[in-house]
Structures are given as structure tokens and as C-alpha cells.
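Protein chains: 2
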Amino acid sequence: MAVFAESGYRGGSLKEIADRVGLSQAGLLHHFSSKEHLLAEVIALRDASDQARRFAESTPSGRDALAGLAEQVRHNTTVPGLVQLYVTLSGEAVAEGHPAHTSFVERYRALRRYLGVAVAEGQRAGDVDPALDPAVIATALIALMDGLQIQWLLDPAAVDMPTVVESYLKSLGP
Amino acid sequence: MAVFAESGYRGGSLKEIADRVGLSQAGLLHHFSSKEHLLAEVIALRDASDQARRFAESTPSGRDALAGLAEQVRHNTTVPGLVQLYVTLSGEAVAEGHPAHTSFVERYRALRRYLGVAVAEGQRAGDVDPALDPAVIATALIALMDGLQIQWLLDPAAVDMPTVVESYLKSLGP
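The listed protein sequences correspond, in order, to chains A and B. Residue 11 in UniProt numbering sits at position 11 of the first sequence, with consecutive numbering throughout. Residue 6 in UniProt numbering sits at position 6 of the second sequence, with consecutive numbering throughout.
The following block contains the structure:
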């Protein structure tokens, strides 16, 4: 995870990973049959510690789902290495042919669907302005969180991610 | 630009760049003394076609500056290769030690400053809700635009960048 976070998937070499864990490259490839396999496992491990995946699999309730986003962002400020891994891999994975491309496409589709439902639920509960388009707000919320991570990693003292997300969530109120 | 957009700075090799322009690696290095130098020139070329840089250097007027963002986003939908270059390089450049790290830190500082002034101007002109914190809105606007690019590149048919940005700008009204 550290090597891919620092150097990306393309820039991170099997040799450096093997060196860091004290294995030969052959030893590493005994556990992970290829670099792509290693990437898939790293993403799975990252997701396991991330609420976003839980979101995408559960049935959201509007207010809880939106409050959960703010909580996720607060949590992310404590795990900069994982945030960097995500930013670096998502930046690479926009390229067609990147081994994580399809998984990122599907991840964002699931997130937009999940948050779109959450916003619509929030509207029915009277927590969210009924004039807003749930699909637009879902896309914006995800974009806001992704973009904040880039600014925060580059300049942590200047960018307060939770404050910005909470301010945006508050602006959705009726 | 195409090689760095597709493979990133770290993943893009001088050999591939030389091949694509029909030069030997020595020939390429005659024009650009190093891969880092080539990256600096690619970023400069990219910036030259980007209004963001002009923003950061001009004196913004609130309404024009914010309208200019929406226009920039509409323009970006016509240049996916440049957007991919930006997403891939910014994703890599969060790593300390990346040759573009400092330039991205400074770029975002300048953008936040510029847009913070623009939002405050908009508030004085009565276009923007005076209760909003200009620094928070500036950070959010940049984050929204950056995050949208990731989703749009991954799924262009599902993500309408201008609509989302215009909806956000509209929500800032008094």
C-alpha cells in the first residue's frame, strides 16, 4: 500500500515492494501471482478499512448516509497514507487499460446511485431542499470529497476537509 | 502530453515519447535536457491553454470570476486529453518528492486566494450569500471541479460537469 501510495501502480516496482517486506521478487510472486493481483488485493484491503464500500452495499437512510460522509471525511484526516493511495490510484485509473479502470468506473456508479437515493430520502424526510436534483447532488458530493483530498494532501495546514464538507451538507437543507 | 496523460509522469518513458515523435532518446534529450524538464514544459504548455492560470494572475471581479469557472468547465469537456493529463499528474504530485509537487502546492494556493477574493467580491456585489466563508467556498469550488474531472473521465456519459458546477454556483446566491 505504501509503495503504490508513494509511486502509484505504474511507478511502484515489484522489486521495491519485495525489498520493503524482505522478500525476493520470486518470494513476493509466490504470494501474489502478478503485480495486477497485488493491486487488486491492495484495493480490497483499502476498501475493507473504508466506510465508502459499506455505504455502497447497504440501504441508506438519508440523514444517516449524509452524516456518515462527514464522519468518513473526519476519519480520512487520520489516515493520510490511505488517502494518498486512493488519490494516486484514481488519478492513474482514469486511463483506459489501467488494471483498476473498470473497478473505479463501477465504484463511482455505485456511489452515485447510493448517494442519489440518500439525497432523495433526505428530501422525503424534510432534511434536504426538495428543489435539488438528487443525481446532481450525489455527483457533487463525491466530487467535493475527492477534490478535497488532493488539496489536503498537497497542503494539509491550509485545507480543513471536514469543515468544507459540513458546510456543503448544511447548504443542502431546506 | 499524450504519454504523460495516459501513463503519468512516472509511468511514461522517454523511450515511448521519443518513439511517438520519431526521435531517438538522444535526440529528444537534445531538446529537453531531462524527463523533469520535459514535464515542466508540458505543464507550462497545458497552462497556456487553461484559463485557470489567467485567473490566478488577474484581478478577479466576483461575478465574472465565478462565471469564468463555469465557462472553463464547459471548455474542459472539449479537451479530455488535457483533463486526463491534469488528473493523472495531480494524482501523482501529491507525493512529496514528485517533480511537480511544489508547483501543484503553489498552484492551489494561488487558486484558493484568487477564488476567495472573487467570492468576497461577489458578496459585496450582492451576488453571493454574505453568510458564507469565502475561503471555504473557494476550497470547495476547486475541489468540486477537480473531483468532477475524475468521475467524468471514468464515465463521460453519466457525469455532466457543467450542470453540476452551475448548480453549485447557483446555490451560492443570496
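Every residue, glycine too, gets a C-beta built ideally from N, C-alpha and C. Please read these numbers as outputs of a predicted model, since none were measured by experiment.
By the C-beta criterion, the segment 66-81 of chain A is judged to be in contact with the segment 131-151 of chain A, since at least 3 inter-stretch pairs fall below 8 Å. Apart from sequence neighbours up to five positions away, the residues of its chain that approach V164 of chain B with a beta-carbon distance below 8 Å are L144, L148, ordered along the chain. Flagged as an interface residue toward chain A: A158 of chain B, by a C-beta distance shorter than 8 Å.
In its chain, beyond the 5 residues on either side, G62, R63, L66, V128 have a beta carbon closer than 7 Å to the beta carbon of G122 of chain B.
Look at the segment 57-91 of chain B: the residues with a C-beta under 7 Å from a C-beta of chain A are Q84, V87, T88, S90, G91. The shortest CA-to-CA distance from L172 of chain B to any of B:L153, B:V119, B:V94, B:R124 is the one to B:V119.
For the 8 Å CB-CB criterion, V87 of chain A and L153 of chain A form a contact. Nearest C-alpha to K35 of chain A among A:G91, A:A48, A:G11: A:G11. Positions of the alpha helix (DSSP H) runs, each at least 4 residues long and wholly inside the segment 63-125 of chain B, are given as 80-93, 101-124 in order along the chain. When DSSP states are grouped into helix, strand and coil, D127 of chain A belongs to the coil group.
In this structure, the alpha-carbon of A125 of chain B lies about 17 Å from that of G68 of chain B. P80 of chain B and A5 of chain B have their C-alpha atoms some 10 Å from each other.
Excluding five sequence positions before and after V3 of chain A, the CB atoms of its chain that fall closer than 7 Å to its own CB belong to G12, E16, I17, R20, given in chain order.
If you look at A2 of chain A, you'll find it in the alpha helix (DSSP H) that goes 2-11.
Per the coordinates, the alpha-carbon of R113 of chain A lies some 27 Å from the alpha-carbon of A138 of chain B. Within chain A, the residues placing a beta-carbon under 7 Å from that of I150 of chain B are S90, V94, D146, ordered along the chain. At a beta-carbon threshold of 9 Å, none of the residues of chain A lie near V117 of chain B; the nearest stands roughly 16 Å away.
Judged by their CB atoms, S167 of chain B and V136 of chain A are nearer to each other than the 8 Å cut-off.
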